[in-house]
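Order-wise, the sequence lines are chains A and B.
Take the first sequence: its letters are residues 1 to 350, numbered as in UniProt numbering.
Take the second sequence: its letters are residues 1 to 784, numbered as in UniProt numbering.
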Amino acid sequence: MQGGSSGIGYGLKYQARCISDVKADRDHTSFLTGTLSLKEENEVHLLRLSSGGSELLCEGLFSHPNEIWDLASCPFDQRIFSTVFSTGDSFGAAIWQIPEPYGQSNSSTLECVASLDAHVGKINCVLWCPSGNSDKLVSMDEQNLVLWSLDSSKKSAEVLSKESAGMRHSLSGGAWNPHDVNSVAATSESSIQFWDLRTMKKVNSIERAHVRNVDYNLKREHILVSADDESGIHLWDLRKTNVPVQELPGHTHWTWAVRCNPEYEELILSVGTDSAVNLWFASASSENKTSGSPVEASRQRVNPLLNSYTDYEDSVYGLAWSSREPWIFASLSYDGRVVIESVKPFLPRR
Amino acid sequence: MAAEAAPMDEKAKRMRDLLSSFYAPDPSITTSNSSINASFDNINSTSFDADQYMDLMIKKSNLEVLLQRHVQMAAEIKNLDTDLQMLVYENYNKFISATDTIKRMKSNIFGMEGNMDQLLQKIMSVQSRSDGVNTSLFEKREHIEKLHRTRNLLRKVQFIYDLPARLQKCIKSEAYGDAVRFYTGAMPILKVYGDTSFQDCRRASEEAIEIIIKNLQTKLFSDSESIQARAEAAVLLKQLDVPVDSLKAKLLEKLEQSLDGLQIKPEEASKLVEHDDSSNDTESNDQHPAKIHEDAVRGFSEAMRAYREIFPDSEERLFKLARALTAMHFENMELYIRKRVSAADFLGIFRIIWEDVVLMDEVLPEAALSDLSAEAAQVTLKQFVARTFSHLQQDISDTLLKFDINQKEAVEGEVLKVILEASQKAVLQGTTNIFQDFRQLLDENAGIFIKMRDLISGWIQKGFQDFFRSLEAQFLVLSGKTSSSNDIEGKSSDKIHAGLILVLAQLSVFIEQKVIPRVTEEIAASFSGGNSQAFENGPAFIPGELCRVFHAASEKLLQHYIDTRTQKVSVLLRKRFKTPNWVKHKEPREVHMYVDMFLHELEEVGKEVKQVLPQGTFRKHKRTDSNGSNTTTSSRSNTLHSDKMTRSNSQRARSQLFETHLAKLFKQKVEIFTKVEFTQESVVTTTVKLCLKSLQEYVRLQTFNRSGFQQIQLDIQFLKAPLKETVEDEAAIDFLLDEVIVAASERCLDVIPLEPPILDKLIQAKLAKSKEHNNNNNNNTVSS
Chain A
1 MQGGSSGIGY GLKYQARCIS DVKADRDHTS FLTGTLSLKE ENEVHLLRLS SGGSELLCEG
61 LFSHPNEIWD LASCPFDQRI FSTVFSTGDS FGAAIWQIPE PYGQSNSSTL ECVASLDAHV
121 GKINCVLWCP SGNSDKLVSM DEQNLVLWSL DSSKKSAEVL SKESAGMRHS LSGGAWNPHD
181 VNSVAATSES SIQFWDLRTM KKVNSIERAH VRNVDYNLKR EHILVSADDE SGIHLWDLRK
241 TNVPVQELPG HTHWTWAVRC NPEYEELILS VGTDSAVNLW FASASSENKT SGSPVEASRQ
301 RVNPLLNSYT DYEDSVYGLA WSSREPWIFA SLSYDGRVVI ESVKPFLPRR
Chain B
1 MAAEAAPMDE KAKRMRDLLS SFYAPDPSIT TSNSSINASF DNINSTSFDA DQYMDLMIKK
61 SNLEVLLQRH VQMAAEIKNL DTDLQMLVYE NYNKFISATD TIKRMKSNIF GMEGNMDQLL
121 QKIMSVQSRS DGVNTSLFEK REHIEKLHRT RNLLRKVQFI YDLPARLQKC IKSEAYGDAV
181 RFYTGAMPIL KVYGDTSFQD CRRASEEAIE IIIKNLQTKL FSDSESIQAR AEAAVLLKQL
241 DVPVDSLKAK LLEKLEQSLD GLQIKPEEAS KLVEHDDSSN DTESNDQHPA KIHEDAVRGF
301 SEAMRAYREI FPDSEERLFK LARALTAMHF ENMELYIRKR VSAADFLGIF RIIWEDVVLM
361 DEVLPEAALS DLSAEAAQVT LKQFVARTFS HLQQDISDTL LKFDINQKEA VEGEVLKVIL
421 EASQKAVLQG TTNIFQDFRQ LLDENAGIFI KMRDLISGWI QKGFQDFFRS LEAQFLVLSG
481 KTSSSNDIEG KSSDKIHAGL ILVLAQLSVF IEQKVIPRVT EEIAASFSGG NSQAFENGPA
541 FIPGELCRVF HAASEKLLQH YIDTRTQKVS VLLRKRFKTP NWVKHKEPRE VHMYVDMFLH
601 ELEEVGKEVK QVLPQGTFRK HKRTDSNGSN TTTSSRSNTL HSDKMTRSNS QRARSQLFET
661 HLAKLFKQKV EIFTKVEFTQ ESVVTTTVKL CLKSLQEYVR LQTFNRSGFQ QIQLDIQFLK
721 APLKETVEDE AAIDFLLDEV IVAASERCLD VIPLEPPILD KLIQAKLAKS KEHNNNNNNN
781 TVSS
């Protein structure tokens, strides 16, 4: 396959798992990433793609008290982000603010806006409401789902509601439905669960074991992508959840994460523990694609895998599309290497 | 003479003119006439003026001419005078003779009246005489005529009185034709006088006629009579005003009923053919059913022929019947082939049906039976071909599943091997049988088959294409890779035994490499026709495509096998890593249970693989070389670790990560995810690699305390030896095992590895224990 030599690399000092697109930054293509080191001083890096798109610059470097297991940038304020961290034997989650005059000064300290301290067990993720300026947050641990209201000016976050998913379902992650701000998908041991945040009740579920990651398609309502250990990537139509709309083979080993492109609805990225990033073309949708041109259909049937980026040394866990330049994505392998790639050559012609 | 004739003519003419003028009743006409022609010199005209003429003459002519004229005129006058004299004389003569004649007539008529009266008298007397004779004979003649009439009447009456007897006689002599003639002759009289004078007679004759009708009907119905006789009987019956239509209906109904008897019932069909086969050894039994059937059909067609002649207007009905029979035959045939039928049996039945059709076609060529049956035969044959393929597919999947059911009770032993061999045989044998069967179809010479030969070839090719495609699909369904649409999701994946998937994979390879080439050859050899016309859209059988399909399928299935196997291990590992709190782990006492389970799984994979897959061509020279590499790698990793530990302990260097990176750089990058090959070693290796990778990933998700790390270290150390035993690519395994240790150490709060002696001791203890366990097991099995 074409190697990732075209990509722009950036090395973190330590191992890392998570990277997030800074959606609120409308002037630059920026990413936030945090390291995962048990014993060393962990860092949050704010990376910015230079205007020419040829260089990845470190715009800010902030020390973070614990190793970071999850990181999400606030969709309406580029300076705010959330992390899930672990001290080794316990987990915590917090909202942080990047200090105002951030700049060259190394390891400036982050301001803690709020601590999401309603959890006891292992926290999995913090989700920002995708609607843009809502102050709602959802945090998940293995048993509970907590809805927060954040007041960044008062530097406080209060629990709006909290619901236990039950001992049997150990939640592992989730995604907030961009088409319906009241719906959150959560992955658990045996199923994908859909929660209604108004009632805090489980409204629906897809029975599927060991789902590792889910993502909503921003452009296509009702389409959800899931990645699981067993058989790769599945596309679901949320209106008929018994059979997946499409299956993609996934990775040689586990498929760790999937992301739908925010602009090009057919493009799906997945990363896996086989040290590869795969770019998929998934045109199939239950109804509207039947009229698609036969050429496109045949291409899709021949091989949905558009490209595999394999120039990684270790398992790839972090993945984020840029929302500003939707043909750019950032990937992060465990050895702390951020690689920015452009999928421009594979963009569907319109 | 001529010169003389001319003046003669002229003379005669003048004479006539003169006479006519003389006799002319109206002189004016002649005058006017002549005046027109007249000229002065024309003496003959009435308006002739002598003086004028004279003047003119004198003026015109000289003396000589005048003299001449004078002479001429004098002569003419003389002539005229003589002529006139002659005329008068002649007239006078005539008048005298007329007077004489009248005088004679007067004397002759005298006395004639008396004669006339006499004649009249005589005639009158003759007439009166003849009248007398006439009146005298009249009475006698009247009498004679009367007598004659009576006699005729009497004769008729006699005939009628004799009719019953005569009819009886006719019945006796079976002269039904005469009888019918007599009866119809007597009919009018009987009709008029039947109720009065001839009552008895009529009754008797009617009785007789009834008998006749009955006889005629029996004759008509009896099959033994000649067709001629039966046709005559029908005609006679028609003459007797017997309602023939109802008879016809009855007859046809009977015929229709006999159809039932002619059916080849699916249950009996096999018997028909069986006896056909067994007729060789048991001559006495002499293929009863087939024979009977043939006779029956022959009888049927004879009957049809008869009816056709008897009732020429009932053809339509007969056509319908014949068609119904044909249709019924083919329907039954379809029912019949719903069960498994060999081509020979099929052909047997087909032949019988075709014979029937031919028989009927002879009788009713207009019914277009052969066309009808050809069409039906096509459909049936097509179905047969399709069914044969579906049976084969069923067979194959049955073979695959039959053993799978036993698999639980049976000692795992060689089951997979047995399944594989059985299914390979099933595929090969099945295709061979199919070819044999179809060759029989092609060799068959019954009429329709010749026409359809091309079609059959096409169907067979298409059949094979479809068969292989659906077989592939079924393999995937069987393996649980794709859930068939009517299956409930999830149900399938649990039930399927991983070994079966492996068998399917190997079977796909077998089909790709052995079966499809063979089939291609066979098709090329015997079924190459039919492509051109039957399938315009390219040839029906595309071996290249099928090979590709099966190649892909085999790879998919093999991958699926590995996936399911690693999945099992993955679940095991997940449980292992989810359950304990690794941060508060207690000091390792022994190698953990899951290692055993992991090894057990691997062992199972090894067993299955050994049964099904071939050995790799380059088996590693195991003992000699592996020792060396073993020591070097392990020592390296050991040194690496101790290095790392000391450093991290001493100065908590940030460079720990760089360290490992550096180590990786120097180590060759090991390709973990290589392409799987169809060898025992490759599959096992891939499985192990994937499992170790999973192990590494699980480790990375946890945080360990010292004891936790030590536990991992111990487990991995224990795994090392047995894994290397089983696996081809030792370097990769070493690398992966090290990776696990590295991952654990990275995720450890307090990395202090176990001392090698303790490690060794614990491993030895475990080995001893497992050996003992094995022994116990063995003893148990032996004792039991």
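The beta carbon of each residue, even a glycine, is placed where N, CA and C say it ideally should be.
Within a 10 Å sphere around the beta-carbon of B/TYR92 sit fewer than 16 other beta-carbons, which makes this residue exposed. Contact of A/GLN78 with chain B by beta-carbon distance below 7 angstroms is absent, the smallest such distance being about 29 angstroms. Below the 7 angstroms Cβ cutoff, chain B contributes no neighbours of A/TRP176, its closest Cβ being approximately 23 angstroms away. Excluding the 5 residues flanking it on each side, A/ILE68 has same chain C-beta neighbours closer than 8 angstroms at ALA16, ARG17, CYS18, GLY34, THR35, LEU36, ASN42, VAL44, THR83, VAL84, PHE85, in chain order.
Contact annotation: A/VAL138 and A/VAL203 have beta-carbon atoms that are not nearer than 8 angstroms. Three or more Cβ pairs closer than 8 angstroms define a contact, and the region 221-234 of chain A falls short of that threshold against the region 137-157 of chain A.
As the crow flies, the alpha-carbon of B/THR46 is around 13 angstroms from that of B/GLN52. Proximity of B/LYS693 to chain A, defined by a Cβ-Cβ separation below 8 angstroms, is satisfied. The closest CA to that of A/ASP77, considering only A/VAL22, A/VAL126, A/VAL339, is found on A/VAL22.
With its beta carbon less than 8 angstroms from one in chain B, A/THR273 belongs to the interface. By the Cβ test, the region 107-120 of chain A is not in contact with the region 179-197 of chain A, since fewer than three Cβ pairs between them sit closer than 8 angstroms. The beta carbon of A/LEU116 sits no closer than 8 angstroms to any beta carbon of chain B. Taking 8 angstroms as the threshold, the shortest C-beta distance from B/VAL569 to chain A does not fall below it.
Taking 8 angstroms as the upper bound for CB-CB distance, A/SER20 and A/LEU32 are in contact here, some 5 angstroms apart.
Note that the region 498-506 of chain B touches the region 548-561 of chain B; at least 3 beta-carbon pairs, one per stretch, sit closer than 8 angstroms. Look at the region 302-336 of chain A: the residues with a C-beta under 8 angstroms from a C-beta of chain B are GLU313, SER315, TYR334, ASP335, GLY336.
Taking a Cβ-Cβ threshold of 8 angstroms, the residues of chain B close to A/LEU38 are THR703, GLU746, ARG747, CYS748, LEU749, in chain order.
By the C-beta density criterion, B/MET333 is buried, having at least 16 other C-beta atoms within 10 angstroms. The continuous alpha helix (DSSP H) containing B/CYS691 extends over residues 680-700. The beta-carbon of B/GLU697 is placed less than 8 angstroms from the nearest beta-carbon of chain A. By the neighbour-count criterion, in which 16 or more other beta carbons inside 10 Å mark a residue as buried, A/THR29 falls on the buried side.
Closer than 8 angstroms to the CB of A/HIS253 there is at least one CB belonging to chain B. Taking 8 angstroms as the CB threshold, A/GLY7 stays off the interface with chain B. A/SER164 sits exposed, since fewer than 16 C-beta atoms from the chains shown fall within 10 Å of its C-beta.
When DSSP reads this structure, A/LEU137 sits in a beta bridge with A/TRP128, A/TRP148. With contacts defined as CB atoms closer than 8 angstroms, A/PRO244 and A/PRO178 fail to qualify as a contacting pair. Within chain A, the residues whose beta carbon sits less than 7 angstroms from that of B/LEU690 are HIS253, listed in sequence order. Leaving aside the five residues that flank A/LYS344 on each side, the residues in its chain whose CB is nearer than 6 angstroms to its CB run, in chain order, TRP327. Take the alpha-carbon of A/SER152 and the one of A/VAL113: they are about 6 angstroms apart. Straight across, the Cα-Cα distance linking B/ASN44 with B/LYS103 is about 42 angstroms. Under the 8 angstroms Cβ criterion, the region 747-761 of chain B does not count as touching the region 731-739 of chain B, having fewer than three qualifying pairs.
Residues of chain B whose Cβ lies closer than 8 angstroms to the Cβ of A/ASP229 are, in chain order, GLN567, SER570. Assigned with DSSP and collapsed to three states, B/ASN705 falls in coil, not helix or strand. Taking the Cα positions, B/PHE704 is about 8 angstroms away from B/SER745. With respect to the 8 angstroms criterion, A/LEU248 and A/PRO304 are classified as neighbours on the basis of their beta carbons. Neighbours of B/PHE678 in chain A, taken as residues at a C-beta separation under 8 angstroms, are lacking, since the least C-beta distance is about 18 angstroms.
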